[in-house]
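Asks: Got a structure here, written out as structure tokens. Questions coming.
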Amino acid sequence: MLKKTFAALAIGSALLSANVMAADYVVDKQGQHAFVDFKISHLGYSYITGTFKDIDGTFSFDAAKPEDSKIEFNVNTASVFTNNAERDKHISSKDFLKVADFPKATFKSTSVKTTGKNADGKATADVTGDLTIAGVTKPVVVKATFLGEGKDPWGGYRAGFEGTTSIKRTDFGKMMDLGPQSDAVELYVTFEGVKAK
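Numbering (our numbering), first residue to last: 23 to 219.
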């Protein structure tokens, strides 16, 4: 009986330790250590690049069990910035992001699959999730890299990532036709999260 009790305690302790290892993080919006950038062909002659200035999110992460990670990201689409006010206004209009009706774009992960390490020895993974833009939701795969984790100078603990994916504008509802070369949009995201206390 005593052996069974000790065994049960040992198993319970192991499970508790495993749960403690997983940590919840809040994307560092206040310190502006989070970026969602995009790149799109302009007439096939050059590229337009831009970013969103207002983003937030949360994620759960354990470097020992990355497959259990989860992430949710929110983008205030009205914060689009391409260094041209008139263009930003047009992108926000019903021709593209339809900001008045859909003020948020979101990403919510559904699975994480480790893929090894990159040339710098950083852990990589395919993060599959649901991306919602202008009220339309489509599955996407983000090629993600774990950049590192550790204590920061302000008494907190941080973890950082970057990722890339490519989407088609036409997959997210009817948008203004800019020609086939301008349908693909490359997305780049990088962020730091602060461990919740």
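Glycine included, each C-beta is placed from N, C-alpha and C at the ideal position.
#1: Extract the residue ranges of the beta strand (DSSP E) inside the stretch 115-192, only unbroken runs of 3 or more that lie entirely within it.
#2: Indicate whether the contact test is met: 3 or more Cβ pairs, each with one atom in the stretch 88-99 and one in the stretch 122-138, closer than 8 Å.
#3: By the 10 Å Cβ neighbour count, where 16 or more other Cβ atoms means buried, how is Tyr-67 classified, buried or exposed?
#4: Closest by CA to Ala-44, which one among Ala-85, Asp-193, Thr-71 and Asn-106?
#5: CB Ile-155 to CB Phe-194, shorter than 8 Å?
#6: Looking only at C-alpha atoms, which of Ala-166, Ala-218 and Lys-61 sits nearest to Lys-173?
#7: Take the Cβ of Tyr-47 as the centre, count every other Cβ of all protein chains shown within 10 Å, and call the residue buried at 16 or more, exposed below.
#8: Give a yes or no on contact between the stretch 182-193 and the stretch 151-167, applying the rule of three or more CB pairs nearer than 8 Å.
#9: Measure from the alpha carbon of Pro-125 to the alpha carbon of each residue in Ala-107, Val-102, Glu-108 and Asp-142, then state which is nearest.
#10: Check whether the Cβ atoms of Arg-180 and Val-216 lie closer than 8 Å to each other.
#11: Could you check where the beta strand (DSSP E) with Ala-206 kicks off and where it finishes?
#12: Identify whether His-55 lies in helix, strand or coil by the three-state DSSP scheme.
#13: Comparing C-alpha positions only, which one of Leu-200, Asn-96 and Ile-113 sits nearest to Thr-104?
#14: What does the alpha-carbon distance come out to for the pair Phe-183 and Glu-171?
#15: Beta-carbon within less than 7 Å of Ala-127's beta-carbon, same chain only, minus the 5 sequence neighbours each way: which residues are those?
#16: Give me the DSSP bridge partner(s) of Asn-98.
#17: Would you kindly work out how many angstroms separate the C-alpha atoms of Leu-209 and Trp-176, rounded to a whole number?
Replies: Taking the coordinates as given:
#1: 126-139, 145-155, 158-173 and 179-190
#2: Output reads yes: the stretch 122-138 touches the stretch 88-99.
#3: exposed
#4: Ala-85
#5: Result yes, Cβ atoms of Ile-155 and Phe-194 sit closer than 8 Å.
#6: Ala-218
#7: buried
#8: yes
#9: Val-102
#10: yes
#11: 206-217
#12: coil
#13: Ile-113
#14: Roughly 9 Å between the two C-alpha positions.
#15: Val-97, Thr-99, Thr-154 and Ile-155
#16: Looking at the DSSP assignment, Asn-98 forms a beta bridge with Lys-126.
#17: 31 Å
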